[in-house]
Amino acid sequence: MGADVIDMRALAAQSGLFSFDPGFMSTASCESKITFLDGAAGVLLHRGYPIDQLAERGDYLEVCYLLLHGELPTAEEKADFDYRVTHHTMVHEQMARFFQGFRRDAHPMSIMVASIGALSAFYHDSTDITDPMQRMIASMRLIAKAPTLAAMAYKYSIGQPFVYPRNDLDYASNFLRMCFAVPAEEYRVNPVFARALDRIFILHADLAQVASTSTVRLAGSSGADPFACVAAGIASLWGPAHGGANEAVLKMLSEIGAPERIPHFIARAKDKGDPFRLMGFGHRIFKNYDPRAKIMQRTAHEVFDQLGVSDPLLDVAHELERVALSDDYFIKRRLFPNVDFYSGLILRAMGFPTAMFPALFAVARTVGWLAQWKEMIEDPNSRMGHPSQLYTGAGPRDYVPIEKR
Ligand code: ACO
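Residue numbers (the UniProt record's numbering): 24 to 428.
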């Protein structure tokens, strides 16, 4: 090794245990009691409860309570939690003026990052993270206001006036109304859409230490306030590899266009010289059927069958799933439809534009980020995050004045 290279491995060996683990695939960054994942068996549990039972029998705010408190609420606790979240849904009127600074065509996620982060300027009490009561109030404020801000971002993008939240509606119905009601026209929330959206929120509530959640924990490990931490989570979620996958699925289904064109795209997905992949297939953790994907498929049927809505892309999706699941390439690599495969179709049927998909994901995941943030603050073993690195840059060298370079 030349003198101009620093031997990081030797330095690391001198300082004790050192592991090089890109993407932290083998290194646990924390202990957690919130979400259990067994990707090989296709199991996802929140606080021990299987995701399919929660999605079929619970509602989103019940799951929020479970994630935050560790136990399912009693009827009284549930009513109190619902009441408190519902009564935090309004945002300060000054926030409406904050929106005017954005271009009309701003992506809803850029508005979400900014407006959620801006909440810390309104709730100074909630930024005292040493007080457990303030941690809980901040959590309820965020869970309550995230859908209001997401709906405002949507309304702003289409040039319609904001619709204020209504306390007599459940979480999903309120959100649908804030997005789709227009002044001077009666708006009735479709109960099938409301149930489907509530389920989508449940299915996206938490997934252990994925990129956005690790981001929230890392940001929060320095003592940053919860609004800023959740804004950091939204920024991470915005990436196409994380929160943008269902949008990519719809794009792909539209490109395929008709069931008879599927073999051509299957062949492309198998061709190693072609960068094309079947969007909505495969998962970093789930090497068996993602249990959330099955519920999503059933929900898609409910929405499309019960309402008599038809979408040619649904036929393409069904046929693509059938063909891929009987193809050796996909079987051998354990590539199953993931949670994003059907969610975009459902959201499209409800009337959401694709740019809103990641914003809806952010609304749903807010509780997961908060539960993990709270767990980290309350863990006596947690430390400020400071991942190690394997330095591979230049060795020591002298500064050269600009005229001599
Ligand atoms: N289509 C075709 N081939 C695929 C696909 C796919 N969707 N996914 C994986 N493969 C192949 C790879 O080419 C590789 O083949 P090889 O062994 O012959 O080289 C093998 O399967 C393993 O692939 P990896 O990329 O190593 O698997 P990894 O677990 O790292 O990737 C990922 C998971 C990124 C999700 C991948 O399956 C993918 O790109 N899927 C499509 C995008 C998508 O749907 N993303 C959403 C994920 S869900 C979520 O984030 C909420």
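Glycine included, each C-beta is placed from N, C-alpha and C at the ideal position.
Collapsed DSSP secondary structure at residue i in the structure displayed
{"i": "Gly25", "result": "Note on Gly25: pLDDT 47, under 50, position unreliable in the model; the coordinate value appears next. In the structure shown, Gly25 sits in coil (DSSP, three-state: anything other than H, G, I, E or B)."}
{"i": "Thr58", "result": "strand"}
{"i": "Phe309", "result": "coil"}
{"i": "Pro73", "result": "strand"}
{"i": "Phe304", "result": "strand"}
{"i": "Gln183", "result": "coil"}
{"i": "Ala417", "result": "strand"}
{"i": "Leu358", "result": "coil"}
{"i": "Leu368", "result": "helix"}
{"i": "Gln123", "result": "coil"}
{"i": "Gln232", "result": "strand"}
{"i": "Val346", "result": "helix"}
{"i": "Val66", "result": "strand"}
{"i": "Cys87", "result": "helix"}
{"i": "Leu34", "result": "helix"}
{"i": "Arg428", "result": "coil"}
{"i": "Ile225", "result": "helix"}
{"i": "Pro96", "result": "coil"}
{"i": "residue 16", "result": "As shown, the chain starts at 24 and ends at 428. That puts residue 16 outside it, with no answer to give."}
{"i": "Val108", "result": "helix"}
{"i": "Arg291", "result": "helix"}
{"i": "Glu209", "result": "coil"}
{"i": "Asp103", "result": "helix"}
{"i": "Arg321", "result": "helix"}
{"i": "Leu330", "result": "helix"}
{"i": "His379", "result": "Sequence inspection shows Met at residue 379; the His mentioned does not correspond to that position. Met379: helix per DSSP, three-state reduction."}
{"i": "Trp261", "result": "coil"}
{"i": "Pro188", "result": "coil"}
{"i": "His130", "result": "coil"}
{"i": "Asp363", "result": "helix"}
{"i": "Met275", "result": "helix"}
Supposed close pair residue i, residue j - CB separation, criterion 8 Å
{"i": "Gly256", "j": "Thr236", "result": "7 Å"}
{"i": "Tyr194", "j": "Tyr83", "result": "5 Å"}
{"i": "residue 429", "j": "Glu401", "result": "Residue coverage of the chain in this structure runs from 24 to 428, which leaves residue 429 outside it and unanswerable."}
{"i": "Leu368", "j": "Leu337", "result": "6 Å"}
{"i": "Leu301", "j": "Ala292", "result": "5 Å"}
{"i": "Ala167", "j": "Thr112", "result": "5 Å"}
{"i": "Phe145", "j": "His115", "result": "5 Å"}
{"i": "Leu165", "j": "Phe250", "result": "7 Å"}
{"i": "Leu241", "j": "Gly408", "result": "4 Å"}
{"i": "Ala231", "j": "Thr50", "result": "At roughly 14 Å, the Cβ-Cβ gap does not stay under 8 Å, so Ala231 and Thr50 are not in contact."}
{"i": "Asp75", "j": "Ile318", "result": "6 Å"}
Item to check | Segment contact, 8 Å Cβ cut-off, at least three pairs: the stretch 161-173 with the stretch 127-145 | outcome: Because the criterion of three Cβ pairs below 8 Å is met, the stretch 161-173 and the stretch 127-145 touch.
Item to check | Distance cut 6 Å, beta-carbon to the ligand ACO heavy atom: residue list by chain order | outcome: Residues with a Cβ closer than 6 Å to any heavy atom of the ligand ACO, in chain order: His265, Ala268, Ala292, Arg300, Leu301, Met302, Gly303, Phe304, Gly305, His306, Arg307, Arg356, Leu358, Asn361, Val362, Asp363.
Item to check | Any 3 or more C-beta pairs closer than 8 Å across the stretch 301-310 and the stretch 358-368 | outcome: With a cut-off of 8 Å, the stretch 358-368 and the stretch 301-310 count as touching, because enough Cβ pairs lie within range.
Item to check | the stretch 179-192 in contact with the stretch 401-419 per 3-pair CB rule at 8 Å | outcome: The stretch 179-192, when compared against the stretch 401-419, does not touch it at the 8 Å Cβ threshold.
Checklist entry - How do the stretch 203-217 and the stretch 153-164 stand: do at least 3 beta-carbon pairs fall below 8 Å, yes or no? => result The stretch 203-217 vs the stretch 153-164: no contact.
Item to check | Contact between the stretch 257-266 and the stretch 376-388 (3+ Cβ pairs under 8 Å) | outcome: Result yes; three or more Cβ-Cβ pairs closer than 8 Å.
Item to check | Segment contact, 8 Å Cβ cut-off, at least three pairs: the stretch 211-223 with the stretch 367-384 | outcome: Under the 8 Å Cβ criterion, the stretch 211-223 counts as touching the stretch 367-384, having at least three qualifying pairs.
Checklist entry - Are at least three pairs of beta-carbons, each pair with one atom in the stretch 311-328 and one in the stretch 278-286, less than 8 Å apart? => result No contact exists between the stretch 311-328 and the stretch 278-286.
Checklist entry - Would you call the stretch 64-78 and the stretch 87-94 in contact, with 3 or more CB pairs under 8 Å? => result Yes, the stretch 64-78 is in contact with the stretch 87-94.
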